[in-house]
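Protein chains in written order, with our numbering: chain A, 1 to 171; chain B, 172 to 736; chain C, 737 to 1015. Each remark here refers to the structure printed beneath this line.
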Amino acid sequence: MSKEPDFGAVRSSADLLAIARVMEERSAERYREMAVAFEVACNLDTANAFRELAEGEDRHAADFPALAGQPPRVMPWGEEDPEIADPDAVHYLMHPWHAFDLALRHEEKALAFFSVLATQSSHAEVRAEAARLAERERGHVDHVKQRLTELPVPPRDWYVDEDGPNWEAGD
Amino acid sequence: MCGSGGAGVMTAANMFLDAAAEAGFYALFGRSSGPQIRGGEAAALVRLGVDPITSVDDTFDIMLAIDWQGVQRFAAELPLSKNSVVICDPAAGDVPEAYVNSGARIVHLPMKDLAKAIPGGRPNMIALGAVAALIGFPIAPLTEVLGKSLKKKRADAYESSVAAVKSGAEAAASLGDVKKVGAPKAKDVKRWTITGNYGTGLGAIRGGVRFCAAYPITPATEVLEYLSSALPKVGGVFVQAEDELASVNMCIGASYGGEASITSTAGPGLSLMIEGIGLSMASETPVVVVDVQRVGPSTGIATKCEQSDLNIAVYGLHGDAPHLVVAPNSIGDCIFTTQWGVYLAEALQSPCIVLSDQALGQSRGIIDAPADVAFVGKRLAAVAPAEGEVFKRYANTANGVSPMPVPGQAGCQYTADGLEHTETGTPTSQASDHTLQLEKRQRKLTSHDYGNHWATIEGEGDIAVITWGSCTGAAREAVARARADGVNAKLIALRLISPIQPVQMGEALKGVKKILVVEQSHLGQFTRYLRGEYDLPAKPEQLSRPGPLPMRPGEIHARLLSMGK
Amino acid sequence: MTSCNIPNTYAAKDFKSDVKPVWCPGCGDYAVLSSITKAFADLGLAPHQTSVVSGIGCSSRIPAYTNTYGFHSIHGRALAVGQGLKLARPDLTVLVAGGDGDGFSIGGNHFLHACRRNVDLTYIVMDNRVYGMTKGQPSPTTESDWDASAMAPPGGTGMTPFHPLAIALAAGANFIARGFSGDPNGTAEIIAEAIRHPGFSFVAIMSPCVTFREEQREWKDTMRKTAIEATKDAAQAARRLMTDDGFNCGVLYRGNRVSYGKDKVVSSKVSDLDAEFTL
Chain A
1 MSKEPDFGAV RSSADLLAIA RVMEERSAER YREMAVAFEV ACNLDTANAF RELAEGEDRH
61 AADFPALAGQ PPRVMPWGEE DPEIADPDAV HYLMHPWHAF DLALRHEEKA LAFFSVLATQ
121 SSHAEVRAEA ARLAERERGH VDHVKQRLTE LPVPPRDWYV DEDGPNWEAG D
Chain B
172 MCGSGGAGVM TAANMFLDAA AEAGFYALFG RSSGPQIRGG EAAALVRLGV DPITSVDDTF
232 DIMLAIDWQG VQRFAAELPL SKNSVVICDP AAGDVPEAYV NSGARIVHLP MKDLAKAIPG
292 GRPNMIALGA VAALIGFPIA PLTEVLGKSL KKKRADAYES SVAAVKSGAE AAASLGDVKK
352 VGAPKAKDVK RWTITGNYGT GLGAIRGGVR FCAAYPITPA TEVLEYLSSA LPKVGGVFVQ
412 AEDELASVNM CIGASYGGEA SITSTAGPGL SLMIEGIGLS MASETPVVVV DVQRVGPSTG
472 IATKCEQSDL NIAVYGLHGD APHLVVAPNS IGDCIFTTQW GVYLAEALQS PCIVLSDQAL
532 GQSRGIIDAP ADVAFVGKRL AAVAPAEGEV FKRYANTANG VSPMPVPGQA GCQYTADGLE
592 HTETGTPTSQ ASDHTLQLEK RQRKLTSHDY GNHWATIEGE GDIAVITWGS CTGAAREAVA
652 RARADGVNAK LIALRLISPI QPVQMGEALK GVKKILVVEQ SHLGQFTRYL RGEYDLPAKP
712 EQLSRPGPLP MRPGEIHARL LSMGK
Chain C
737 MTSCNIPNTY AAKDFKSDVK PVWCPGCGDY AVLSSITKAF ADLGLAPHQT SVVSGIGCSS
797 RIPAYTNTYG FHSIHGRALA VGQGLKLARP DLTVLVAGGD GDGFSIGGNH FLHACRRNVD
857 LTYIVMDNRV YGMTKGQPSP TTESDWDASA MAPPGGTGMT PFHPLAIALA AGANFIARGF
917 SGDPNGTAEI IAEAIRHPGF SFVAIMSPCV TFREEQREWK DTMRKTAIEA TKDAAQAARR
977 LMTDDGFNCG VLYRGNRVSY GKDKVVSSKV SDLDAEFTL
């Protein structure tokens, strides 16, 4: 099982960049899974929102092309990737606004992760790189906040479904 | 030969059969016993002759009772006539009424006393010697068999048994005349001695089976007994499963892995396996299920024969689920039909139910050596598709058989599914996909050329006797007797029950004016099946009744004579 | 096969198929699928040498979502199919997966005997304590007083929940662990260890049903992700289970039983078998 975050695992700038890239890649993968799930659930607006988020993460991952070495075997985060959306946190009727709200929380976690590293790592090289990455994450956070202001805020009863669950799919 | 537990009637009968085989006779040996696991009454039912034997006779010539404990229970299974002889020990008490009423001649042989006179002597060996002498059976092969089975264990047991056999043979002189068996003919074919259930196991391995998972059940257990020892020798695997549900599904798993697989059961187990057979059918994962039929419904009479699982075997699956059902019609044919069933299942990627029955499965015969035929199961191999394309496990091919990869083969990964699926195996609820797959699965069975194995057809005549399974032997004998009486009939014993063969059946029935269906079922399941599935040229007469009593040639013969008038 | 370019190593995504899951958004099974594919990749397996076998239910849809040799069989019989496959093909990596109803109710007998038999495979049960595919009936692991669904009797079933880990231990499973879908990386590590461990490995994965058991979203906070310490001592494992509330995750037990089955050895030709019957 995963343990508490282990910042000691990051020993060099290259390590950190490889990790940052893995974070973005995994995040993209998870958003893409969400997009598919929402397509299957016929909630296309939210599916598109997750696809937009996935594409954003793809671009973030592409920021680190040449530096992508093998990440360290032990990841510095503990129980979960900070930038991976929690699959249990979604609802089939959720709106695009919810998707970006979820993304905001994870971008903020990622920001916190790099910020901690920027002050607490014992390697000067890592501290410096983490500070640069924290700055970059701050940009992602701002972007998601911006998107949230552009999207309609869901009504209070967004989760109400007058029909019961389907059993069409029952095996 | 009958007696209570400990009398050793089965041992004596098995030795007798070994000796008969040695001497060049043919024989059929069935058994009947009470429900007790140890002790209890038992009867060894032996028919001996110089020509091949595939049926019980109408009556027994000799009934040898070592004692009368519980033997009246078998009265209906031991028909005697006024030409029969009952040999019994005067010390065993009065002869039960049923046997007295048969009109048989009753003679006394003091088996216990004669045995006592020999140190270590046993009444069953006295009996064996007496019977051999009465029917003119040579003593030499008997003592030879005794030597083989006893000498290694205990020399004194051998000596005393030989002495007892000789004593019995001498005592037989006082018992009067009995029909003699005649001299065995020269062997032009090698002989085998085997039970139907062992034959089924052997046929399975010949057909390519290398995996068996099964749960014990009477009267199918000997199939497992054989496979559990024989399969490992040829690199196969035998598993005793926790129940029949596990049995059939383990077989399906093994088959998915590329191994031809078999399980064996009887009616109650078949009921449990039906859902799994449906999975095999829908996912096109071949599996062979042997049902050694016994008297049903429910637990029924577990140790006796009946042909009443036809309906569940053919129609028991839910949904439109065509599949293979084959039935052996003699002990030797258990080998061929099971082998063929494996071959068909593998070639057509279908479940195949082999409907054997207790009379075939648990009887031991001396038979002509079966031919070693070339049917070995082989599946249509798969080729990986071009990169980027999805492998079509359920491809809609012309003959309906789709290439089937073996796990481990790169590029052909697929998910086998009992859900209706597309050609790639993806679940679907679309009408067009369902229709396409239904037609494909049916087409692969109906377009296959089953050759002339679909039935055993013998003789010509304007009467056709249509039968199956263990009734075939009795029907064959009846047809021969009727021919001697000037009534010509043709025997058609169906081996391929499903899918039906309408063209071949039409050919076989050309010129036939009357049909007699012979089967062992109270409801007449086989008659109903024939009338429902085939366009018969005439409404068939029906000779059907339930187990446990076997169909005997005489009753079929009598019906043929009345039909031939 | 010439058209197939087989790489030496595979990433988790190479173990996923293009088939879109029918699971509800938010279902824990998505994460379990990711954990399984990650474990396969981490172990250096190849999709064509790996097999995922299931029964019937929401989670049992999983084989089609992988790019392995899959078998979506019938309700309750996944373990039978999986054991048959592994015994016939010991060279394959066989993973059997399904839900709590499939594994512990209709398939309960096979679960017991699979633990006893100890065939070298891994069995994953995605436990959400409810029948999802049939609209929310209580399952063997449902709390006895749960009655929040129209399909549950008022006041609950009154039946004691099945304790999969305790039963697995009592029946002889050789590796026993509990994971949580909310911890996909940790769960992937457990699955990888389960696959490596010889014999029958059982991994219960708490995987919430957000549709019929909305309250299970709280598992995120209640699951103790590294609470169990592994032992080789079955008695100690049993003592730990006495105080287990179902929320402790980790590897509980690593046994050292020898896997079921013998190596296949051919000692006779098929024609040699005739001798027994020939006179």
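Cβ atoms here follow ideal geometry from the backbone N, Cα and C, with glycine treated the same way.
Can you list the residues of chain C that residue i reaches, using a CB-CB cut of under 9 Å?
| i | result |
| --- | --- |
| F38/A | P761 |
| R535/B | Those within 9 Å of R535/B in chain C number zero; the least Cβ separation is about 10 Å. |
What is the C-beta distance between residue i and residue j, in whole angstroms, given that I count them as a contact (C-beta under 8 Å)?
| i | j | result |
| --- | --- | --- |
| R990/C | A966/C | 6 Å |
| C505/B | G370/B | 4 Å |
| P757/C | V90/A | About 13 Å separates the two Cβ atoms, so there is no contact after all. |
| I483/B | L441/B | 6 Å |
| G201/B | V227/B | 7 Å |
| G812/C | D836/C | Contact flag wrong, Cβ pair sits at about 12 Å. |
| V994/C | G762/C | Not really, about 42 Å apart at Cβ, beyond 8 Å. |
| G449/B | G490/B | 7 Å |
Can you tell me which of the options puts its alpha carbon nearest to the alpha carbon of residue i?
| i | options | result |
| --- | --- | --- |
| A545/B | F507/B, L531/B and G559/B | F507/B |
| G379/B | P897/C, K1005/C, E925/C and A884/C | K1005/C |
| I759/B | L707/B, K253/B, E330/B and L346/B | Only positions 172 to 736 of chain B appear in this structure, which leaves residue 759/B out of reach. |
| A974/C | G793/C, G791/C and G908/C | G908/C |
| G695/B | G582/B, E648/B, P711/B and G682/B | P711/B |
| A649/B | V554/B, E610/B and R723/B | R723/B |
| F983/C | K998/C, H849/C, T962/C and N992/C | T962/C |
| R865/C | D881/C, G820/C and N854/C | D881/C |
| G56/A | L44/A, E162/A, V141/A and D157/A | V141/A |
| M34/A | F114/A, L117/A, I19/A and H95/A | H95/A |
| T149/A | A9/A, R21/A, H106/A and F100/A | F100/A |
Using a C-beta to C-beta distance shorter than 9 Å, which residues of chain A count as neighbours of residue i?
| i | result |
| --- | --- |
| K756/C | V36, A37, E39 and V40 |
| T947/C | Y92 and P165 |
Verify the CB distance criterion: does residue i have a CB-CB separation below 8 Å to chain C?
| i | result |
| --- | --- |
| E33/A | yes |
| F90/A | Residue 90/A is actually Val in this sequence, not Phe. So, interface residue. |
| E79/A | Because E79/A sits at a pLDDT of 49, beneath the cut-off of 50, its placement in the model cannot be relied upon, and the point is left open. |
| P165/A | yes |
| C422/B | yes |
| W511/B | no |
| A190/B | no |
| T741/B | As shown, chain B starts at 172 and ends at 736. That puts residue 741/B outside it, with no answer to give. |
| T597/B | yes |
| K3/A | Because the pLDDT at K3/A is just 46, under 50, the model does not fix this residue reliably, and the point stays unresolved. |
| I524/B | no |
| T617/B | no |
| G503/B | no |
Is the shortest distance between the beta-carbon of residue i and the beta-carbons of chain B less than 8 Å?
| i | result |
| --- | --- |
| P876/C | no |
| Q819/C | yes |
| I772/C | no |
| Y989/C | no |
| H808/C | yes |
| V768/C | no |
Run down chain B in chain order and give the residues with a C-beta less than 8 Å from the C-beta of residue i.
| i | result |
| --- | --- |
| D827/C | G579 |
| H784/C | P578, G579, Q580, A581, G582, C583 and Q584 |
| S937/C | The premise fails here: S937/C is roughly 17 Å from chain B at the closest Cβ pair, so nothing lies under 8 Å. |
Could you work out which residues of chain B lie near residue i, taking near to mean beta carbons separated by less than 9 Å?
| i | result |
| --- | --- |
| N845/C | E413, D414, L416 and A417 |
Mind checking if residue i is an interface residue toward chain A, Cβ cutoff 8 Å exclusive?
| i | result |
| --- | --- |
| K871/C | yes |
| T1014/C | no |
| M737/C | Because the pLDDT at M737/C is just 38, under 50, the model does not fix this residue reliably, and the point stays unresolved. |
Chain C partners of residue i, CB-CB under 7 Å?
| i | result |
| --- | --- |
| A401/B | L1009 |
| F308/B | Going along chain C, no residue has its Cβ under 7 Å from F308/B, so there is no contact; the nearest lies around 16 Å. |
Entirely enclosed beta strand (DSSP E) segments - the segment 534–558 of chain B, minimum 3 residues = Listed in chain order, the complete beta strand (DSSP E) runs (minimum 3 residues) inside the segment 534–558 of chain B are 535–539.
request  = Would you mind listing the alpha helix (DSSP H) stretches within the segment 367–432 of chain B that are 4+ residues and don't spill past its ends, in chain order?
outcome  = Taken in chain order, the unbroken stretches of alpha helix (DSSP H) that lie wholly in the segment 367–432 of chain B and span 4 residues or more are 367–377, 392–404 and 415–427.
key: Runs of alpha helix (DSSP H) lying entirely within the segment 832–906 of chain C, each at least 4 residues, in chain order   = Correct list: 844–853.
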